[in-house]
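Residues in the sequence shown are numbered from 343 upward in steps of one, following our numbering. Glycine included, each C-beta is placed from N, C-alpha and C at the ideal position. Note that the structure is a prediction, hence the values are computed from the model and not measured. Just below is one structure, and these are the notes that go with it.
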Amino acid sequence: DYERARAAAHYLAGRLGAARALAVHRAANVALRLDGPGQAVRLALFEDGNGNGVRRLDIDAGLDPQAAPPVLLGDRFPGVVISEVDPTVPGAAARAEAGLFSFTPHGTATSGSLYISGASGEAWAVRVLGATARVRVLRYAPRDGAWVND
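In structure tokens form, the structure reads like this:
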């Protein structure tokens, strides 16, 4: 369970990194969209098709096309749960534009965190720093009560 959750966190970080690279390569905004609850999360990359950034409304209207086939995370990492709510903070809330991490061709991104929980209770975080679009993987160390670099 520990290794599966860790692998899921690093896979998710890789998908976010791929979105960043694609945005720079195509000179367009690219977003990773997460749909579905917990173990049924589906990841898909979308490219800005109308020059106003990648938005859920534009994706649903077909204006921002899919840039890569979707991936069902539960198929690759059974038992792993993905969330935008920190499992270590009671009452924590998700970001306003939940489920959409956007990257620009200028090397910036939507700031935010995704949390990965394994069946044994371990917790991982994948964080995106907006100013640089840097993606980091952190592990929760319950003994210290802190997130540490993986």
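- With respect to residue 370, residue 477 sits apart: the two C-beta atoms are not nearer than 8 Å.
- Considering only 481, 347, 409, the residue with the shortest C-alpha distance to residue 415 is 347.
- According to the DSSP assignment, residue 389 belongs to the beta strand (DSSP E) that extends over 384-389.
- In the three-state scheme derived from DSSP, where H, G and I count as helix and E and B as strand, residue 405 is classed as coil.
- About 19 Å separates the beta carbons of residue 419 and residue 361, which is beyond the 8 Å limit, so they are not a contact pair.
- Within the model, the alpha-carbon separation for residue 426 versus residue 406 is close to 23 Å.
- Between residue 459 and residue 429 a beta carbon distance of about 5 Å is seen, short of the 8 Å cut, so the two are scored as contacting.
- Taking the Cα of residue 469 as reference, the smallest distance to any Cα among 482, 463, 461 is reached at 482.
- Scanning its chain for C-beta atoms nearer than 6 Å, with the 5 sequence neighbours on each side dropped, one finds around residue 396 the residues 371, 373, 388, 390, 406, 444, in chain order.
- Here DSSP, grouped into helix, strand and coil, assigns residue 359 to helix.
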